[in-house]
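A quick write-up on the structure given underneath.
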Amino acid sequence: MKTHHPLPRIQLHLTHHHLLQHRRLSPSMTRLQPYLRHIHLPSDAAQTTYPSYCVAAAIQARLQRAQLDFKAASSSSSSSPSPPPPALVTFTPTPTYTLGRRQHSSFSSSFQSKTLPPSLQALTKPLHFAHHPTTTTTAYEPVVLRTSRGGLTTYHGPGQLVIWPVLDLKGGGGFHRPYTVRSYASLLQTVTCTILARLWGLVGTTTCDPGVWLTTAGEVEKEETRKVAAMGVHLRRHVTGLGVALNLSTPVTSSSSSSANSTTDAEGSNPWLRFVPCGLEGKHVTSVAEELRLRGGDDEAGLDLNLDPVRDAGRAVADAWAAEFAARIARDQTAEKLAVVTVDDGEVRQLVADVAGEAKLIEEESRLWPARPDGQDEPLRHPADIC
1 MKTHHPLPRI QLHLTHHHLL QHRRLSPSMT RLQPYLRHIH LPSDAAQTTY PSYCVAAAIQ
61 ARLQRAQLDF KAASSSSSSS PSPPPPALVT FTPTPTYTLG RRQHSSFSSS FQSKTLPPSL
121 QALTKPLHFA HHPTTTTTAY EPVVLRTSRG GLTTYHGPGQ LVIWPVLDLK GGGGFHRPYT
181 VRSYASLLQT VTCTILARLW GLVGTTTCDP GVWLTTAGEV EKEETRKVAA MGVHLRRHVT
241 GLGVALNLST PVTSSSSSSA NSTTDAEGSN PWLRFVPCGL EGKHVTSVAE ELRLRGGDDE
301 AGLDLNLDPV RDAGRAVADA WAAEFAARIA RDQTAEKLAV VTVDDGEVRQ LVADVAGEAK
361 LIEEESRLWP ARPDGQDEPL RHPADIC
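All the letters of the sequence shown, read from the start, carry residue numbers 1 to 387 under this note's numbering.
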């Protein structure tokens, strides 16, 4: 299910150095200079077209294999193969619910028969998204997938930017500094908080629960924090997978928003009302757009609240996040920061085509809904899929 969720026009308060980082390097330069490879899967909110979660997962898996192959070759050979650079996959997916490993054992019999248990049936209902500024809506069928991450159910879809770094925490052949699991998780939260502050003047914070949270004046004492970004990390031999999901203009669950009313009609357009996000009872989900609305537009903070439609609003945010991430993981913080190499749209389209078979296998293995009719071998197509 896809929609056009309008996002406040973004003012990118980037330094000149950050902008210089975000460039394309020639092959000769990439051999001499460490860099971060940024792969952004394009979407078009005006046309309600978005890449599928499984295509992004297939690209992530290919990048992870490159890191793992390099580690294996380095440990078994005296020669020194060229290390793959750290990478970043960013995208806004079709409406997708993902289930964590903790749910696999609880619903093992249902999963073996590729059916959903009764407690998750609400996830399968059509989602209706409005097209700003008109009152027309489009209905789409969500996808429900099993995943290898920890935790419980969460949602990804229009109005959200998903950010998946792929790197070797041990140091990645000298491309970047090494990290522990704890320091890497802290890095993801810090980069996200920095972007929230730089682009919109929002002060993100961390709590005992994963992710990035926001509060407004007077709410700290009542602990009424709202999650603006979810976080989850999956590791294989210290190579990272998954990452951050930042809510830009998704529906929210705060009581101050009309989209948060717990009614049947609201569940038809608000994906968060169908489950307890990440199993955190009593915690609200918010978005950048909602937080700017609550703050009423502080001109002194340089916020622009013009809600003009944006075709791929997440792209500008993804570029800013990539630049900040590259600056922070650079091995030598006193020298020139890690450059960001953005893969152009033509190469991305070719990459999407190359991983089509792998994406199909991932979908066949992990998809629980839509259920495939008897005798149908091909995965169901969804109107919003462009990959």
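No residue lacks a Cβ here, since even glycine has one placed at the ideal position from N, Cα and C.
Small disclaimer: the values here were computed from a predicted structure and weren't measured.
About 18 angstroms separates the beta carbons of G151 and R226, which is beyond the 8 angstroms limit, so they are not a contact pair.
Counting other Cβ atoms within 10 Å of its Cβ, C193 reaches 16 or more and is therefore classed as buried.
Per DSSP, Y184 has no beta-bridge partner at all.
A Cβ-Cβ separation of about 6 angstroms places L202 in contact with L214 under the 8 angstroms criterion. Taking the C-beta atoms as reference points, I163 is found no nearer than 8 angstroms to L351.
Note that the C-beta distance between A326 and L41 is not below 8 angstroms. In this structure E358 is in contact with A61, their Cβ atoms being roughly 7 angstroms apart against a cut-off of 8 angstroms.
Cβ neighbours of F91 within its own chain (closer than 6 angstroms, five residues either side excluded): L41, P51, A56 and V162.
Among the bridge pairs identified by DSSP, Y140 is matched with L127. Here DSSP, grouped into helix, strand and coil, assigns Y155 to strand.
The C-beta separation of P251 from M231 comes to about 20 angstroms, leaving the pair out of contact by the 8 angstroms criterion.
The C-alpha of V317 lies about 8 angstroms from the C-alpha of I195. Looking from the CA of A320, the closest CA among V191, P370, F175 and S366 belongs to V191. Annotation for Y50: no beta strand (DSSP E) segment contains it, and DSSP assigns it neither H nor E. Ranked by how close their Cα comes to the Cα of E141, the residues G296, V288 and S269 have S269 in first place.
Residues of the same chain with a CB within less than 7 angstroms of the CB of V355, apart from the 5 flanking positions on each side, are V55, A58, I59 and R62 in chain order. Boundaries of the alpha helix (DSSP H) harbouring A313: A313 to I329, taken from the DSSP string. Where L351 is concerned, the enclosing alpha helix (DSSP H) starts and stops at D345 to D354. With at least 16 other beta carbons inside 10 angstroms of its own, S366 counts as buried. Secondary structure note for L294: its alpha helix (DSSP H) is the uninterrupted segment V288 to R295. For A229, the closest of G159, L368, T48 and H128 by C-alpha to C-alpha distance is G159. Within the same chain, Cβ atoms closer than 6 angstroms to the Cβ of E291 are found at L202 and L214, the five residues on either side in sequence being excluded. When the beta-carbon positions are compared, P81 and S74 come within less than 8 angstroms of each other. Around the beta-carbon of E363, 16 or more other beta-carbon atoms lie within 10 Å, marking it buried. Following the DSSP letters along the chain, one finds P165 inside the beta strand (DSSP E) bounded by residues Q160 to V166. When DSSP states are grouped into helix, strand and coil, V191 belongs to the helix group.
In the three-state scheme derived from DSSP, where H, G and I count as helix and E and B as strand, G211 is classed as coil. The alpha-carbon of R295 is positioned some 45 angstroms away from that of G173. K170 and Y179 have their C-alpha atoms roughly 6 angstroms apart.
Judged by DSSP secondary structure, K283 falls outside any beta strand (DSSP E); it is assigned neither H nor E. The Cβ-Cβ distance between G241 and V166 falls below 8 angstroms.
R331 is not a Cβ neighbour of H234, given a cutoff of 8 angstroms. CA-to-CA, the gap between L123 and T205 works out to about 30 angstroms. Look at F70 here: in three-state DSSP terms it is helix.
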